[in-house]
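With the working numbering applied, the sequence shown covers 13 to 117.
Heads up: the structure comes next, in structure tokens.
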Amino acid sequence: MDQLGGGLNSMDDRVQEFARNTYKRGASYLPESIGGPVDMFGDYLHTDRRDYEDTWQGKTALYGSRAAQAGGVTAAGLGLIDLTHAMASSFGGPADDAGPGTLPM
13 MDQLGGGLNS MDDRVQEFAR NTYKRGASYL PESIGGPVDM FGDYLHTDRR DYEDTWQGKT
73 ALYGSRAAQA GGVTAAGLGL IDLTHAMASS FGGPADDAGP GTLPM
């Protein structure tokens, strides 16, 4: 069980580091007035797990930041589902149906 926890912690560390680096890279292309807050947001939301205190408050903050990330990914996924449904409703209909001599799929 310790190996599983260590593996998940290692994966989380890599994901958070990748996210922080992505925010830094993106912020470098923006003017300082916009890039600075973007970089700070990335550092704040994707803080390294070793920067949290080993207390219940620190663990709550750690789990809260990871839950916020999961919520963001879920919201983005729901947005894509809605977009897909909106796009799919513009296709189809009698003009797209198979003709009388067409094999069914």
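Where a beta carbon is used, it is the ideal one built from N, C-alpha and C, also for glycine.
Query                                                                                                                                                        : Result
My guess is that D63 and R32 are in contact by the Cβ rule of under 8 Å, so how many angstroms apart are they, rounded?                                      : Wrong, their Cβ atoms sit about 11 Å apart, outside the cutoff.
What whole-angstrom Cβ distance do D25 and R61 have, given they're in contact under 8 Å?                                                                     : 7 Å
Leaving out the 5 sequence neighbours to the left and right, which residues in its chain are closer than 8 Å to M52 when beta-carbon positions are compared? : none
What does the Cβ neighbour count give for Y35, buried or exposed, with the cut at 16 atoms within 10 Å?                                                      : buried
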